[in-house]
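Colleague: Quick one: the structure is below, questions incoming.
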Amino acid sequence: MNSNESQFSHIKPGDTAFVSGGLRDFFLYRDLGIAEATGGKVIAHLVRANQAPEAGTGWHIHGADFHIVYMLKGWAKFMYEDKETLVEAGDCVHQRPGIRHFLFDYSPDMEYLEVVGPADFTSVGVEGPCAVPAPAKW
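The letter at position 128 of the sequence shown is residue 136 when you use the working numbering, and the numbering goes up by one with no holes.
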């Protein structure tokens, strides 16, 4: 990437708000300005729990070349293929391209940083390899 393709970006906490309308209606999203700064090569946003887990995300894959989740607060439980994975504050997960996964439970204070490339990545429902545990009640 050269300076013609990318811009300097500095977003302070008050510059952008948590809003609905993202990929999942039970989460809130706060844009960190990276998609605009990189010309769509990468997106970075904060994701926060907004409603208790009920059905979760369903089994899906993302059309992305790069995808990490860094848990800032709380915890979330994912199925990655047939393996249950507890992701807690301080944990970082690299979701390799094409990995089938399902976020099925999370704490009320869950908040994570998600960085994905490209910024306009897709999410496609797929058949799951196994049953998924039920979420706990809040």
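Idealized CB from N, CA, C, for every residue including glycine.
Would you list, in sequence order, the uninterrupted alpha helix (DSSP H) runs of no fewer than 4 residues that lie entirely inside the segment 97 to 133?
Modeller: The segment 97 to 133 contains no whole alpha helix (DSSP H) run of 4 or more residues.
Colleague: So for residue 44, helix, strand or coil by DSSP?
Modeller: helix
Colleague: Just the C-alpha distance for residue 84 and residue 110, rounded to the nearest angstrom, thanks.
Modeller: 11 Å
Colleague: In the DSSP assignment, find the beta strand (DSSP E) that holds residue 77 and state where it starts and stops.
Modeller: 74 to 81
Colleague: What are the partner residues of residue 69, as DSSP defines its beta bridges?
Modeller: 132
Colleague: I need the straight-line Cα distance from residue 59 to residue 20, nearest angstrom please.
Modeller: 26 Å
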